Every structure is written in C-alpha cells, then in structure tokens.
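Peer 1: This is the structure, below, for whatever I ask next.
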Amino acid sequence: MVDNTSSRPGGDIHRLLDEAFLGVEMTPDAQDLKEEVRANLMARVADLEASGTTATDAARQAIDELGDVHELVAEAVGPSVSPDGATTHGSAGAATPRASGWNQNAAYRTAHVRPKPAFVVRIVAASIVAVAALAVAGLAAAGVLVLPLGVTILLFGIGATAIGWIVGDALVQETTTNHPMPQRRAAGYALATFLTLYGLGFGALLVLEVVPLWGIAFAAVGLVAGIVLFSFLGATQTNRHKAWLRQAQRESAVGNRFEEDPESAARFGIYTAVIWIVAFAAFIVLSFTIGLLWSWLALLGGFVVMMLVLARMLFAPRRD
C-alpha cells in the first residue's frame with residue numbers, strides 16, 4: 030500500500046496543532062502563521078523520530094516545545110478582535126470562547142483538501158481490478174465460466190486484496206474532515222477487510238457447492254479473524270476528526286455513548302468478538318452434523334445477539 034503522507038512525519042501533529050489553535054480567530058494572517066508553525070513542527074518531529082522517539086511522543090514533545098500558541102499569535106499577528114469589538118491578548122483572550130464568531134462554512138473552506146491525483150488513479154485502478162476479478166470469479170462459481178477451482182479462489186483473493194488496498198490507501202489520505210491515519214493502523218484495516226471478504230468468498234463457494242465441506246474452515250478463519258481485527262481497531266480508534274468538524278459536532282450536540290464512555294466501546298468490541306467466535310464455531314459444527322441448509326441460522330443468531338448488545342449498550346438507561 031502506498032502512503033503519500035511520508036513527507037508528513039506523523040498524523041498526530043496535525044490534530045494536536047488544530048487543538049492548540051482552537052479558539053484562535055483564523056484570519057488570513059493567523060492561518061499563514063499556523064501553516065508556518067505546522068512546517069516547523071513536522072521538521073522537529075522528523076528530527077525526534079530519527080533519534081528514536083516514537084511518532085506519538087515526538088508529536089507531543091514538539092507541541093510542548095512550542096509553548097502557548099495564543100501568545101505566539103498575539104506577538105506575530107497582533108491582538109484578536111472579538112465580534113463585540115473587545116480586544117483580547119494572548120491566552121487571556123483565548124479563555125473566553127467566541128462561539129458566535131465561528132463560521133462553519135469559512136472553517137470548511139479553510140480546511141478543504143483536494144484529493145491527490147495519484148491517489149485517484151490508484152483507487153480507480155484498484156476498483157477496476159476488484160470488479161473484474163470478483164465478476165469473473167462469480168461467473169465461474171455460478172458455472173457460467175469453466176475455470177479451475179484454484180483459479181476461482183485466486184480471483185476472489187485478488188478482488189479482496191484490491192478492496193483492502195482501497196480501504197487502507199483511503200485511510201492514510203488527509204481529507205477535509207479527517208487527519209491522515211497512521212500507516213500501520215490503516216494497514217490493519219486493510220488486512221481486516223481482506224480477511225472478511227476472503228472469508229465471505231469461501232462462504233459463497235460453499236453455498237454454491239463449488240468447494241468441499243472442508244472449505245468451512247477457511248471461511249470461518251477468515252471471517253472470525255477479520256471481525257476480531259475490526260473490533261479491536263474500532264475499540265482502540267482515536268478521534269481523527271479535524272478541529273473545525275469537532276466544533277461543529279459540539280454545536281450540534283449529538284451524543285454518542287461510545288465516544289463519551291470509551292470503556293463501553295472497548296467492552297462492545299470484546300463482546301462482538303466473543304459472539305462471532307461462538308457463532309462461527311456453531312456454524313461449523315452444525316454444517317458437519319445437520320448440513321448447510323440449517324447451519325446458517327447460527328450466523329443469523331450471532332448477528333441478532335450482536336445487534337441486541339449494541340442497542341443495550343448505546344441506549345441503556347443512564348444511572349445518576
């Protein structure tokens with residue numbers, strides 16, 4: 030997977046810088062200062078990473094070395110003027126929020142990021158490969174095309190790999206709303222996508238009776254591993270949203286229990302992994318004992334239980 034953010038030493042620095050500038054009125058001069066500070070911070074992070082510091086620690090150390098951003102803005106740009114005409118200086122002025130002076134449309138235009146041409150070309154090429162491979166594999170599995178079983182399985186693998194590539198490559202790109210995801214975590218999402226799709230492909234071949242019953246093992250391993258990896262990544266995912274979007278979300282006051290209570294999100298990830306491991310184990314046992322005609326009910330039961338757990342954890346009565 031190609032990472033076009035290699036020149037950006039760590040996605041955390043962009044999020045931390047946005048948080049540091051939160052509350053600063055983004056005039057053109059302030060925006061220019063912010064971009065200059067961003068370039069200096071990325072160079073500093075690169076130096077720290079070269080000395081052996083982790084990307085996360087390097088980003089936080091660089092921000093700490095920067096000091097009070099509001100005082101820096103006051104010195105370089107001048108005092109900020111609030112909408113009511115009052116003049117504020119440094120951190121004292123930043124202590125008073127100016128919600129009425131914040132314009133979501135202006136913030137969107139300032140943060141707007143255009144997709145990189147190379148990224149668009151890669152996504153289009155990978156999409157063509159995925160569609161072609163899965164279409165040919167589907168025709169072969171349905172008996173329309175005569176292909177060896179190994180070639181059909183290989184085509185499913187190529188299609189799953191292409192879709193996994195699309196997911197991973199998209200996550201490492203900076204967008205208007207999100208900072209780029211670290212490459213290793215994006216690779217984890219790509220792997221989880223590949224495992225899940227490959228498991229579903231084997232499941233389709235089983236339903237169509239293209240592969241023997243032993244193929245259940247491959248389908249179950251792929252699906253269980255993919256779901257467990259997705260659950261882990263989702264439970265440990267940090268907020269990648271940019272500052273302007275987080276402020277818009279705060280003003281819209283839309284609550285999300287998983288964001289307010291990270292422990293609940295972690296518990297749900299563990300519950301989901303256990304539910305699907307049990308469901309796929311039951312699916313395999315029932316497939317060998319009573320056949321595929323009824324064994325799929327185990328998967329349906331796992332999905333129903335997962336949705337009930339999700340509803341309970343998201344909308345349970347709150348204790349005072």
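Heads up: the sequence shown at position 279 corresponds to 308 in our numbering, and the numbers run straight through without jumps. Beta carbons are placed, not taken as given, at the ideal position from N, Cα and C, and that holds for glycine. If you're wondering where the values come from, they're calculated on a predicted model, not measured in any experiment.
Measuring straight from C-alpha to C-alpha, what distance separates Ile256 and Thr222?
Peer 2: For the purposes of this step, residue 256 is identified with residue 227 of the sequence shown, where counting begins at 1. For the purposes of this step, residue 222 is identified with residue 193 of the sequence shown, where counting begins at 1. C-alpha separation (whole angstroms): 9 Å.
Peer 1: Please determine, among Gly186, Ala103, Gln202, Ile306, the residue with the shortest C-alpha to C-alpha distance to Ala147.
Peer 2: Numbered from its first residue, the sequence shown carries residue 147 at position 118. For the residues Gly186, Ala103, Gln202, Ile306, the minimum Cα distance to Ala147 belongs to Gln202.
Peer 1: Is the beta carbon of Leu234 sitting closer than 9 Å to the one on Phe312?
Peer 2: Reading the sequence shown from its first residue, position 205 is the one you call residue 234. Reading the sequence shown from its first residue, position 283 is the one you call residue 312. No; because the gap between Cβ atoms is not below 9 Å, this pair is not in contact.
Peer 1: Expressed to the nearest angstrom, what Euclidean distance is found between the alpha-carbon atoms of Asn33 and Pro211?
Peer 2: As a working mapping, residue 33 is identified with position 4 in the sequence shown. As a working mapping, residue 211 is identified with position 182 in the sequence shown. Any reading at Asn33 needs caution, since the residue's pLDDT is 43, under 50, leaving its predicted position unreliable; the model's value is listed next. Rounded to whole angstroms, Asn33 to Pro211 spans 11 Å at the Cα level.
Peer 1: What are the start and end residues of the alpha helix (DSSP H) that includes Leu235?
Peer 2: Position 206 of the sequence shown, counting from 1, holds the residue named residue 235. 212 to 236 is the extent of the alpha helix (DSSP H) around Leu235.
Peer 1: How is His43 classed by DSSP in three states: helix, strand or coil?
Peer 2: Here residue 43 refers to the residue found at position 14 when the sequence shown is read from its first residue. The answer is helix: DSSP assigns His43 an H, G or I state.
Peer 1: Just grab the DSSP bridge partners of Asn207 for me.
Peer 2: Here residue 207 corresponds to residue number 178 of the sequence shown, with the count starting at 1. In DSSP, Asn207 forms a bridge with His270.
Peer 1: Per DSSP, what kind of secondary structure is Phe312 in: helix, strand or coil?
Peer 2: Position 283 of the sequence shown, counting from 1, holds the residue named residue 312. Helix.
Peer 1: Which one of Ala215, Thr206, Thr225, Asp198 has the shortest CA to CA distance from Ala189?
Peer 2: Taking the sequence shown and counting its residues from 1, one reaches residue 189 at position 160. Ranking Ala215, Thr206, Thr225, Asp198 by Cα distance to Ala189 puts Thr225 first.
Peer 1: From the DSSP output, in three-state form, read off Trp325 for me.
Peer 2: Along the sequence shown, read from residue 1 onward, the residue named residue 325 stands at position 296. Here Trp325 sits in helix by DSSP.
Peer 1: Using the three-state DSSP reduction, which class does Trp243 fall into: helix, strand or coil?
Peer 2: In the sequence shown, counting from the first residue as 1, residue 243 sits at position 214. Trp243: coil per DSSP, three-state reduction.
Peer 1: Leaving out five residues before and five after Ala170 in sequence, what residues of the same chain have Cβ atoms less than 8 Å from its Cβ?
Peer 2: As a position in the sequence shown, residue 170 is number 141, starting the count at 1. Closer than 8 Å at the Cβ level, and outside the excluded window around Ala170, lie Thr181, Ala233, Leu234, Leu237, Val239.
Peer 1: Which of helix, strand or coil does DSSP assign to Arg143?
Peer 2: Mapped onto the sequence shown, residue 143 falls at position 114. Of the three classes helix, strand and coil, the one that applies to Arg143 here is coil, per DSSP.
Peer 1: At the level of alpha carbons, what is the spacing between Asp86 and Leu51?
Peer 2: To locate residue 86, count along the sequence shown from 1; it is residue 57. To locate residue 51, count along the sequence shown from 1; it is residue 22. Near 21 Å, if we compare the C-alpha coordinates of Leu51 and Asp86.
Peer 1: Spatial neighbours of Gly230 within its chain, please: CB distance less than 6 Å, with the 5 preceding and 5 following residues excluded, ordered by chain position.
Peer 2: Counting from one through the sequence shown, the residue named residue 230 turns up at place 201. Excluding residues within five positions, the ones whose Cβ falls inside 6 Å are Phe185.
Peer 1: Mind reading off the beta-carbon distance from Ser316 to Leu242? Whole number of angstroms is fine, and I expect it under 8 Å.
Peer 2: Position 287 of the sequence shown, counted from the start, is the residue given in the question as residue 316. Position 213 of the sequence shown, counted from the start, is the residue given in the question as residue 242. That pair is a contact at about 7 Å.
Peer 1: Please say whether Val102 and Ala162 have beta carbons closer to each other than 9 Å?
Peer 2: Position 133 of the sequence shown holds residue 162. Position 73 of the sequence shown holds residue 102. Taking 9 Å as the Cβ cut-off, Ala162 and Val102 do not qualify as a contacting pair.
Peer 1: Do Val18 and Leu174 have their C-beta atoms closer together than 9 Å?
Peer 2: With the chain covering 30 to 349 only, the question about residue 18 has no answer from this structure.
Peer 1: If you draw a straight line from the C-alpha of Gly251 to the C-alpha of Ile92, how long is it?
Peer 2: To locate residue 251, count along the sequence shown from 1; it is residue 222. To locate residue 92, count along the sequence shown from 1; it is residue 63. Between Gly251 and Ile92, the C-alpha separation is close to 41 Å.
Peer 1: Between the C-alpha atoms of Phe332 and Trp305, what's the straight-line distance to the nearest angstrom?
Peer 2: Counting from one through the sequence shown, the residue named residue 332 turns up at place 303. Counting from one through the sequence shown, the residue named residue 305 turns up at place 276. So the alpha carbons of these two residues sit roughly 8 Å apart.
Peer 1: Run through DSSP, which three-state label would Phe50 get?
Peer 2: The residue given as residue 50 occupies position 21 in the sequence shown. Residue state, collapsed to three classes: coil.
Peer 1: What did DSSP end up calling Ala171 once you bin it into helix, strand or coil?
Peer 2: Taking the sequence shown and counting its residues from 1, one reaches residue 171 at position 142. Correct three-state label for Ala171: coil.
Peer 1: In terms of residues, what are the limits of the alpha helix (DSSP H) holding Val180?
Peer 2: The residue labelled residue 180 in the question sits at position 151 within the sequence shown. Its alpha helix (DSSP H) spans residues 178 to 200.
Peer 1: Assuming contact is defined by CB atoms lying nearer than 9 Å, are Leu176 and Gly217 in contact in what I supplied?
Peer 2: Counting from one through the sequence shown, the residue named residue 176 turns up at place 147. Counting from one through the sequence shown, the residue named residue 217 turns up at place 188. For Leu176 and Gly217, no; Cβs fall outside 9 Å.
Peer 1: If distances are taken between C-alpha atoms only, which option among Ala84, Gly179, His270 comes closest to Glu48?
Peer 2: If you number the sequence shown from 1, residue 48 lands on position 19. Ranking Ala84, Gly179, His270 by Cα distance to Glu48 puts His270 first.
Peer 1: Measure the Cβ-Cβ separation of Gly298 and Phe261 and say whether it is below 9 Å.
Peer 2: Locating residue 298 in the sequence shown gives position 269, where the first residue counts as 1. Locating residue 261 in the sequence shown gives position 232, where the first residue counts as 1. Result yes, Cβ atoms of Gly298 and Phe261 sit closer than 9 Å.
Peer 1: Are the CB atoms of Ser156 and Ile195 within a distance shorter than 9 Å?
Peer 2: Within the sequence shown, numbered from 1, the residue matching residue 195 stands at position 166. Within the sequence shown, numbered from 1, the residue matching residue 156 stands at position 127. Going by C-beta atoms, Ile195 is nearer than 9 Å to Ser156.
Peer 1: Indicate the three-state DSSP secondary structure (helix, strand or coil) for Gly81 in the structure shown.
Peer 2: Start at 1 with the first residue of the sequence shown, and residue 81 comes out as number 52. Residue state, collapsed to three classes: coil.
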